[in-house]
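Using numbering that gives the first Met the number 0, read the sequence shown as starting at 0 and increasing by one per residue.
Just so you know, even glycine gets a beta-carbon here, dropped at the ideal spot from N, CA and C.
Computed from a predicted structure; not experimentally measured.
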Amino acid sequence: MNIGMTKVKSERLRKGWSQQTLGFHAGVAASDVSRIENGRMIPYACQAERLAKVLGLRTEELQEPATDAVSA
């Protein structure tokens, strides 16, 4: 599964959440959130499902590119 990393980051930022907050709500380590967003880690299916759920997305939507600009 190739996850659109910028989609995770853009949705997290849209909610005003830190990586730690997203990780807490999704049950994923903040360090893993960072690695996922930066393309250094592909999340397990269960992680992708939890991330999508707390971000209010379908898992398939994580594979789509972000539509808004994400600042580094």
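Quiz prompt | Rounded Cβ spacing between Arg-49 and Ala-29 (contact assumed at less than 8 Å) | solution = Taking the sequence shown and counting its residues from 1, one reaches residue 49 at position 50. Taking the sequence shown and counting its residues from 1, one reaches residue 29 at position 30. Rounded, the Cβ-Cβ distance is 14 Å, inconsistent with contact.
Exercise. Look up Ser-70 in the DSSP assignment and say whether it is helix, strand or coil.
Key: Translated into positions along the sequence shown, residue 70 becomes position 71. Because Ser-70 carries a pLDDT of 47, less than 50, the predicted location of this residue cannot be relied on, and the following value inherits that uncertainty. Three-state result, Ser-70: coil.
Quiz item: Under the three-state reduction of DSSP, which class applies to Ser-30: helix, strand or coil?
Solution: Sequence index remark: in the sequence shown, residue 30 carries index 31 (1-based). The answer is helix: DSSP assigns Ser-30 an H, G or I state.
Practice problem: Whole angstroms is fine: what's the gap from Met-34's alpha carbon to Leu-21's? | Solution: By one-based count along the sequence shown, residue 34 stands at place 35. By one-based count along the sequence shown, residue 21 stands at place 22. Residue 34 is actually Arg in this sequence, not Met. About 13 Å.
Exercise. Could you tell me how far apart the beta carbons of Arg-57 and Ala-65 are, in whole angstroms, since I believe they sit closer than 8 Å?
Key: As a first step, residue 57 is located in the sequence shown; it is residue number 58 there, counting from the start. As a first step, residue 65 is located in the sequence shown; it is residue number 66 there, counting from the start. That belief does not hold up - the Cβ atoms of Arg-57 and Ala-65 are roughly 15 Å apart, past 8 Å.
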